[in-house]
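Engineer: If you read the sequences in order, they're chains V and P.
With the first letter of the first sequence counted as 1, position 195 gets the number 195 in our numbering; the numbers rise by one all the way through.
With the first letter of the second sequence counted as 1, position 257 gets the number 660 in our numbering; the numbers rise by one all the way through.
Built from N, CA and C at the ideal position, the CB exists for glycine as well.
Remember, it's a predicted structure, so these values are computed and weren't measured experimentally.
The structure's right below; bear with me while I get my questions together.
Number of protein chains: 2
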Amino acid sequence: MSEPADGEALLAVPGIEVAAVAAGIRKPDRLDLTLLRLAPAATCAAVFTRNAFQAAPVVLARRHLQAGPPRALLINTGYANAGTGPEGAEVAATLCAAAGKALDVPAAAVLPFSTGVIGESLPTGPVLAALPGLVAALRPDGWARAAQAICTTDTRPKAISRRVRIGGYEATITGIAKGAGMIRPDMATMLAFIGTDLAIAPGPLAELLRETVDRSFNRITVDGDTSTNDAVCLVASGAGPALSPAAGDDWARFGEALQAVCLHLAQAIVRDGEGATRFVEIVVEDAADAREARAVADAIAHSPLVKTACFAGDPNWGRILAAVGRAGVEGLDISRVRLWLDEVVVVTGGGRDPAYREADGQRVCAQSAYTIRVALGRGTAAVAVWTCDLSYDYVRINADYRT
Amino acid sequence: MSEPADGEALLAVPGIEVAAVAAGIRKPDRLDLTLLRLAPAATCAAVFTRNAFQAAPVVLARRHLQAGPPRALLINTGYANAGTGPEGAEVAATLCAAAGKALDVPAAAVLPFSTGVIGESLPTGPVLAALPGLVAALRPDGWARAAQAICTTDTRPKAISRRVRIGGYEATITGIAKGAGMIRPDMATMLAFIGTDLAIAPGPLAELLRETVDRSFNRITVDGDTSTNDAVCLVASGAGPALSPAAGDDWARFGEALQAVCLHLAQAIVRDGEGATRFVEIVVEDAADAREARAVADAIAHSPLVKTACFAGDPNWGRILAAVGRAGVEGLDISRVRLWLDEVVVVTGGGRDPAYREADGQRVCAQSAYTIRVALGRGTAAVAVWTCDLSYDYVRINADYRT
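So, in structure tokens, the structure goes:
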């Protein structure tokens, strides 16, 4: 498998047609409405935000997903249709019904997704008016346009295609995502849509997506804020051959390719994090179990002090240790904790390593991407998460928004 | 009781003598070493940081506190003596021994406190050289000078005195604190010292301090980072009459006065939070229990999105709802959630109240201090916490530090 990269040509996925138009939902002349039409044999899995304040489209998409196999995904930007009460639920239902009618499928076969401002109504007028043109524009190679159309404050689209050989068949995976980190619940926030032409039963597809999201989208953080509208949706169009976990190696290879696609999209979101100037990988290892490894990694990744030090290019290991110390690890023996910046040993025995030179730490932290690695000395569990720094621009963007 | 205010004259506390000098620990000509001498009858209680990376003086102060009643508190700024390994433990022990000798008390009767840079050695030389002059400078009215001497990056000292009538006796409580929020573990961070002239047994004193800290210092947050050196220390000098919980009303009145002193010092820390431009009270009520009220209040208080909106004066209730939604409240019914900015009703039924006008929210959020109030509609538990906004200056201060 080649390394994924943005800008590579996106591959069409047999069994999935894509269109995007400028419907004028909130601003004129901006792609803001996207439709994916799925072949009748398609299966679909999705994971949604765990935030208790779930947007109306999230609630409805969950319900439609249980009702039967989806035939279309309808995605709008501009307004998130979140915090909009019963009226928002009606709006989402109206749009699904209209899209279903235009595509000649039941309303319940349409999954709605919205992203944009929270708490303001999503107007149905522009969407209803744009639907005929949207349907007419459906085509297999519409992915790149859709990647643009789902963006809100993103500075660039996020998209990737991979090929993976399954038996004698060259299968395709194409994914697009939007979100400038999980940093903006009111531009609510992270959406990803991934399609493959294989035929995969709903059960294994859902399980695979859950596992993969846990190792990709759920491992990124910009500021710990999660959104009301986050969703990742995986479609298997069924145009190609069937694949199941029983296929052994083929299933594993497909899982790896899917993981690579999701990881690329997830990391692209962090790299495009609002105000981000550095991409930081945080690895926690030698933990007693995965839960505590993750707790320590999150404490580091969410620490404003660590993140401002990253912005400054400051190898401020005291702040990292303090974050480790407040992660709630029961009985942590600080004399066993070690810390590296890339390959530079900084902390051993719970304090500064005698051989550590500040200049070496500064060299690492001056890079645009580096790794903070912490070993807890308690076991064998490990985790990696990805985050970015906290800059003036983060404050500017989030303080200026809505003004 | 009158409202507490900084700048009021600090009252001496019979049985406690205080001195502060410029020892040249890290910078010349700056008050950086403080000593409190306690009468032989004094009792003492203290609470310390729960961070697993506890500084050497914290570890030693805990041990000394268990060994018997303290006779002195020795406080230095400049270096936190944290992340300094076995050598740091030796430094703390050396300083306690020297202070004990100078005061003619056992080393174990000296409680050490340090604040300043993490991970660099605290030099003993300047402290040892300054001790004789420090002891000679001890006097009952040294509190105001001590309030200055314990500061690091604080823009102003934090101190308050209160009188409280216990039986026929006019008792005194004087407290000083340092810390510009819990935002800076490497200037590590929050210290508070409170003295009264009453005689209180160690058990009730410790319990009262714990309860009071839970309703004051533990309710403030600047960015959720906690320090390696945080400590709050309460001394009852025994110069005045005895007081115990059996005293009923008198005990309650003393508790109230102590709470007022601690709350004033705690809120003064938030008001002086690095880069803070606004002081925000967050009240969560109608919660099922205190734990979930606190979880929701903390989620709001720690949200960078809420805090940048506060900086901007933006009544961004969508961000507040999103923080409520991710606080982990099991089975939260969002249709019962209500939200106010001061007295302005913003959210009812889980969405924008029909009568809410953006201009009203803007008027509240333009103030230098206001209250965000959230009702969960689940029960009767409530909590208040205090925080500040997240500004450009927060990033500047924490990114520039150590450069």
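Would V:ALA236 and V:LEU205 be called neighbours here (beta carbons separated by less than 8 Å)?
Structural biologist: It is a contact, given that the beta carbons lie within the stated cut-off.
Engineer: With 9 Å as the C-beta to C-beta threshold (strictly closer), list the residues of the region 39-61 of chain V near chain P in chain order.
Structural biologist: THR49, ARG50, ASN51, ALA52, PHE53, GLN54
Engineer: Would you call the CB atoms of P:VAL740 and P:GLY782 closer than 8 Å?
Structural biologist: Cβ distance not < 8 Å, so P:VAL740 and P:GLY782 don't count as in contact.
Engineer: Would you check if the region 380-400 of chain V and the region 349-369 of chain V touch, i.e. whether three or more CB-CB distances between them fall below 8 Å?
Structural biologist: no
Engineer: Given P:HIS467, which residues of its chain have a CB within under 6 Å of its CB, disregarding the five upstream and five downstream residues?
Structural biologist: ALA511, LEU514
Engineer: I believe P:ALA726 touches P:ILE703 by the beta-carbon criterion, under 8 Å. Please report the beta-carbon distance rounded to the nearest angstrom.
Structural biologist: 5 Å
Engineer: Is DSSP giving V:ARG278 helix, strand or coil here?
Structural biologist: coil
Engineer: Do P:LEU463 and P:CYS499 have their CB atoms nearer than 8 Å?
Structural biologist: yes
Engineer: Hey, V:ALA290 and V:ALA327: beta-carbon distance below 8 Å or not?
Structural biologist: no
Engineer: Check the DSSP bridge columns for V:GLU211 and list the partner residues they point to.
Structural biologist: DSSP output for V:GLU211 lists no bridge partner at all.
Engineer: Specify, as a first and last residue, the run of the alpha helix (DSSP H) that V:GLU90 falls within.
Structural biologist: 85-103
Engineer: Starting from V:ILE118, find everything on chain P with Cβ-Cβ shorter than 9 Å and list it in chain order.
Structural biologist: Result: ASN719, TRP720, GLY721, ARG722, LEU724, ALA725.
Engineer: With 8 Å as the threshold, decide whether the Cβ of V:PHE217 is near any Cβ in chain P.
Structural biologist: no
Engineer: Just checking: is the beta-carbon of P:ILE672 within a distance shorter than 8 Å of some beta-carbon in chain V?
Structural biologist: no
Engineer: Quick one: Cα of P:GLU493 to Cα of P:SER524, how far?
Structural biologist: 11 Å
Engineer: Just checking: is the beta-carbon of V:ALA312 within a distance shorter than 8 Å of some beta-carbon in chain P?
Structural biologist: yes
Engineer: Using beta carbons (cut-off 8 Å, strictly below), is V:LEU341 in contact with chain P?
Structural biologist: Contact with chain P is absent for V:LEU341, since none of that chain's Cβ atoms lies less than 8 Å from the residue's Cβ.
Engineer: I need the straight-line Cα distance from V:THR189 to V:ASP333, nearest angstrom please.
Structural biologist: 39 Å
Engineer: Apart from the five residues on each side of it in sequence, which residues of its chain come closer than 7 Å, Cβ to Cβ, to P:PRO644?
Structural biologist: ILE569, GLY570, TYR572, LEU601, ALA602
Engineer: Measuring alpha carbon to alpha carbon, tell me which residue in P:VAL616, P:CYS447, P:ALA458, P:LEU541 is nearest P:ALA660.
Structural biologist: Ranking the options by Cα distance to P:ALA660, first place goes to P:VAL616.
Engineer: From the DSSP output, which residues share a beta bridge with P:THR624?
Structural biologist: DSSP lists P:THR790 as partners of P:THR624.
Engineer: Figure out for me which residue from P:GLY471, P:ARG674, P:PHE456 has the closest Cα to the Cα of P:ASN632.
Structural biologist: P:PHE456
Engineer: Answer yes if the region 67-82 of chain V comes into contact with the region 41-57 of chain V, meaning at least three C-beta pairs across the two stretches below 8 Å, and no otherwise.
Structural biologist: yes
Engineer: Give every residue of the same chain whose Cβ lies closer than 6 Å to the Cβ of V:SER303, excluding the five residues on either side of it in the sequence, and list them in chain order.
Structural biologist: In the same chain as V:SER303, and ignoring 5 residues on each side of it, the C-beta atoms closer than 6 Å to its own belong to ALA323, in chain order.
Engineer: Mind listing, in chain order, the continuous beta strand (DSSP E) runs of no fewer than 3 residues lying wholly within the region 51-77 of chain V?
Structural biologist: 72-76
Engineer: Would you call the region 710-729 of chain P and the region 412-423 of chain P in contact, with 3 or more CB pairs under 8 Å?
Structural biologist: Remark: fewer than three beta-carbon pairs, one from each stretch, lie closer than 8 Å, so the region 710-729 of chain P and the region 412-423 of chain P are not flagged as touching.
Engineer: On the premise that V:PHE279 lies in contact with V:SER161, defined as a C-beta separation below 8 Å, what is that separation, rounded to the nearest angstrom?
Structural biologist: Not really, about 22 Å apart at Cβ, beyond 8 Å.
Engineer: Which residues in chain V have a C-beta closer than 8 Å to the C-beta of P:LEU735? List them in chain order.
Structural biologist: Neighbours of P:LEU735 on chain V, chain order: ALA52.
Engineer: DSSP has V:TYR79 in a bridge; who is on the other side?
Structural biologist: Per DSSP, V:VAL117.
Engineer: Check the Cβ of P:ALA631 against every Cβ in chain V and list those closer than 7 Å, keeping chain order.
Structural biologist: Per the sequence presented here, residue 631 of chain P reads as Thr, with Ala not at that position. Correct list: ALA322, GLY325.
Engineer: Please tell me whether P:GLY503 has its Cβ less than 8 Å away from any Cβ of chain V.
Structural biologist: no
Engineer: Helix, strand or coil for V:SER335, going by three-state DSSP, please let me know.
Structural biologist: Judged by DSSP in its simplified three-state form, V:SER335 adopts helix.
Engineer: Take P:LYS820 and list the residues in its own chain whose beta-carbon comes closer than 6 Å to its own, dropping the five residues that flank it on each side.
Structural biologist: Chain P is shown from 404 up to 806; residue 820 of chain P falls before or after that span and cannot be answered.
Engineer: By a C-beta neighbour count over all protein chains shown, 10 Å radius and 16 as the cutoff for buried, is P:GLN670 buried or exposed?
Structural biologist: Classified as buried, P:GLN670 has 16 or more neighbouring CB atoms from the shown chains inside 10 Å of its CB.
Engineer: Would you identify the three-state DSSP class for P:THR599, choosing helix, strand or coil?
Structural biologist: strand
Engineer: Tell me whether V:ALA287 is buried or exposed, calling it buried when 16 or more other Cβ atoms sit within 10 Å of its Cβ.
Structural biologist: With 16 or more other Cβ atoms within 10 Å, it is buried.
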